[in-house]
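Single-structure report; data block below.
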Amino acid sequence: MPSPLDHEHLNLKVGFEIHQQLATKRKLFCNCSCKEAKEYDSSFVFVRRLRPTQSELGAYDPAAIFEFSKMHTVEYHAPPGSSCLVEADEEPPHEVGPEALETALIFSLKLHSKVKDEIHVMRKIVIDGSNTTGFQRTMLVASGGYLDVAGKQVGVQSVSLEEDAAKLIRDEKGVRKFGLDRLGVPLVEIALEPVTGRPSEIMQVALTLGRLLRASKRVARGLGSIRQDINISVRDGAVVEVKGVQKLDQLVKVIEYEMHRQYGLILIAQKLKEKNIDVKKVDDRIEDVSDIFGNKASSRIVKKILEGGGRILAIKVPGFAGMIGFEPYTDIRLGRELGKLVKFYDIDGIFHSDELPNYGITEDDVVAVKQRLQMNDNDAFIMIGGLNDKIKFASEAIILRLKAAINGVPAETRAATSDGKTVFLRPRPGIARMYPETDILPITTTKPMLEPLADKVPPHWDEIVDSLTKKYDLNKELASQIFDSDYFNMFEEIASETKIEPTFIASKLTEGLTSLERQGLDVSVLTSNDIKDVFKELDKGSTHKEAVILLFEELIKAKSRPNCDNCKIGKMRPELARVTDQIRVYKCDNCGKRDMVQVVNEQLKISEVIRAVGVSSITDEELSKGLDRIMSNNMAIIKEKGMNALSTLMGRAMAEYRGKANGQKVNAMLKDKMSKMVNK
């Protein structure tokens, strides 16, 4: 008997959309550099407010309407050198970058896709502030074809070329700040046909496609250079798009979480149908209940809302008693879905009758609200608090979500979190989102254009790995790990610029950094210069191999955000997997406060870190004297155990000299000294 959460029982389907930055010298529609700015102090700054417009069919896109409802003012920072009037939308786009177009065509040939006779640039409506124009430029290059995954063919839907969005610097209440250095960087988007199977099997599809792209040596490397959007659905559910999946182990967790969440929502819908609930009546009664609480509110949250000029709205939900808090699986409930939804309207205060009295809201308060709403025992209510301009849109969103609950899984776009869960991001876009770009002529493709590209199609991944094993004397497993990692280009640079064994470099950049991640450290704060400087100091003899991971750990701790400025007690932990490579969403493990911040990016002096950690190299003479001292302090053990005391003394020696001296050298020197003493 299969489990209800078995992938086959649920008819799990997963489709991939891979967005990969290309390693080009110029942006897609201008000659600006693709290099990202390190700071924005010298940037030109301007402010805009984006509004939705009707498509050529006279319709509004639902995702655009949702973004507009949050009413953000957008502040743009345009750093010199990596942005110009094109990014500011004060100058028409230039011709499509030939290098980027060539790369997209090469990938199309590799995937056996049919290249379009004419490539038309389109505008895709986006008004979340990430594009100054209110749209993203994209073009369909090819369609059809297949990706070979372990002997099986996975269909290709499309290969597109598009511009990357602006980089979010900070998201404050009412104001979003973007850097224009990333806007316009070329991206290739490859959409695959949905596949079925276990999450671990589905992961192989993403791994194979990523390897194909990297084998070309035409794509950017590093955090944020590849973004995987996945479309997930189960039987009787709508398609949910999850954005921002960065790593393969995170991918498996996201798929498994969405299986649980979507099936849980289907069970909730079934129970609602069994109750014969009429969701059309959800918005029949909405009341302002601020006066019930007044200035004597017992709830700290309610009091804060009212004192800040906000109000409390109560929404009657007929027939929903017990259903808003109903939890078919852990953390899967309507109340949680609604709580995540209203956060996008900068509203923190949301309560429902299934969880009250609680949070300082008394039994008398609950009774008063129920009387105001004229409820019976089968009804429930939702209360939200906030400013008038926010609460209107939030209450409308809540009502729409409650009405959709009868259908199970709503079609929506969600964001992946670092722990493999997902949170609501926005509604799915509609068909009214795309319209033609009028400033760029169509590009005609011909056989003479495509034929020379056949020789540039990347080799198979196995061939790349085999060449790495020979060139750097790596075993196949380590060669695969370093090639699949974000550090491959860095590995090749360090290996060519130092005398350090390539095997050691590769192991520290893969297994070493992974071990730090498992300890809960945010490895992404390490810059390429941080990592290179550690290996350079090792190459100079300023430190030892044993100190490399210690130095990485110290650098991460120095650049992380450990303390919550709200409760002063909790620690800020990375929550969202990625906003950009410089922006993280942190959440306090005590009070739950979230904060979107720019990662500390200044370069720490590695020589100072080495001194602070105490892992500077010592001479053989200093080591010899130190071992003599350790032996002298442990004579009783040596007399009792003889050479069998070596492991004990070795442990004590390494506790003192870890990172300061090579472990093999310490062992050899200590063994020689003990042998001479014991055999006297």
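For what it's worth, numbering that gives the first Met the number 0 labels the leading residue of the sequence shown as 0, then goes sequentially.
Glycine included, each C-beta is placed from N, C-alpha and C at the ideal position.
The stretch 459–507 contains, as complete alpha helix (DSSP H) runs of 4+ residues, the segments 460–471, 475–483, 487–496, 501–506 (chain order). A straight-line Cα-Cα distance of about 24 Å links E16 and T132. With a contact defined as Cβ atoms closer than 8 Å, P185 and T23 qualify at about 5 Å. Ranked by Cα distance from I105, the options T72, S42, A214 are led by A214. A check of alpha carbon separations from I405 across L333, D388, G385 identifies L333 as the nearest. By the criterion of at least three beta-carbon pairs nearer than 8 Å, the stretch 289–305 is in contact with the stretch 358–374. In the same chain as S232, and ignoring 5 residues on each side of it, the C-beta atoms closer than 6 Å to its own belong to K12, V238, in chain order. For D170, the beta-bridge partners assigned by DSSP are R175. The C-alpha of R47 is placed about 6 Å away from the C-alpha of T72.
In the assembly as shown, H459 is an exposed residue. Its beta-carbon has fewer than 16 other beta-carbons within 10 Å. The C-alpha of D287 lies about 18 Å from the C-alpha of L355.
When only Cα atoms are considered, V547 and T509 end up about 13 Å apart. For the pair R181 and K604, the Cα-to-Cα distance works out to about 27 Å. Between the stretch 80–93 and the stretch 24–42 there are three or more C-beta pairs closer than 8 Å, enough to call the two in contact. By the C-beta criterion, the stretch 393–408 is judged to be in contact with the stretch 310–328, since at least 3 inter-stretch pairs fall below 8 Å. When rounded, the separation of the alpha-carbon atoms in P97 and N528 is 31 Å.
A check of alpha carbon separations from R371 across I311, P441, H76, K246 identifies I311 as the nearest. Secondary structure at D364: helix, using DSSP grouped into helix, strand and coil. Between the alpha carbons of K556 and K507 lies a gap of roughly 18 Å. When S514, S523, E496 are compared, the shortest CA-CA separation from E536 is found for E496.
Bridge partners of K151 according to DSSP: V148. In summary, N130 is buried, with 16 or more beta-carbon neighbours lying within 10 Å of its beta-carbon over all protein chains present. Buried is the label assigned to G243, since at least 16 other Cβ atoms lie within 10 Å of its Cβ. The three-state reading of DSSP puts P426 in strand, counting E and B together.
A straight line joining the alpha-carbon of S352 with that of K166 spans about 40 Å. M649 has its alpha-carbon roughly 56 Å from the corresponding atom of L9.
The shortest C-alpha to C-alpha distance from F343 to any of A393, Q373, D378, I349 is the one to A393.
Per the coordinates, the alpha-carbon of Y328 lies some 30 Å from the alpha-carbon of D521.
Pairing I265 with G178, the inter-Cα distance amounts to about 41 Å. 8 Å or more divides the Cβ of Y256 from the Cβ of G511. The residue from V533, S142, L211 with its alpha-carbon nearest to that of V148 is L211. Between V120 and E436 the beta-carbon gap is near 4 Å, inside 8 Å, which marks them as a contact. Residue state for H18 is assigned as strand, using DSSP reduced to three classes. For G243, the enclosing beta strand (DSSP E) begins and ends at 239–244. Between P501 and D472, the C-beta spacing is below 8 Å.
Proximity to F292 across V368, D283, Q269 peaks at V368, based on C-alpha coordinates.
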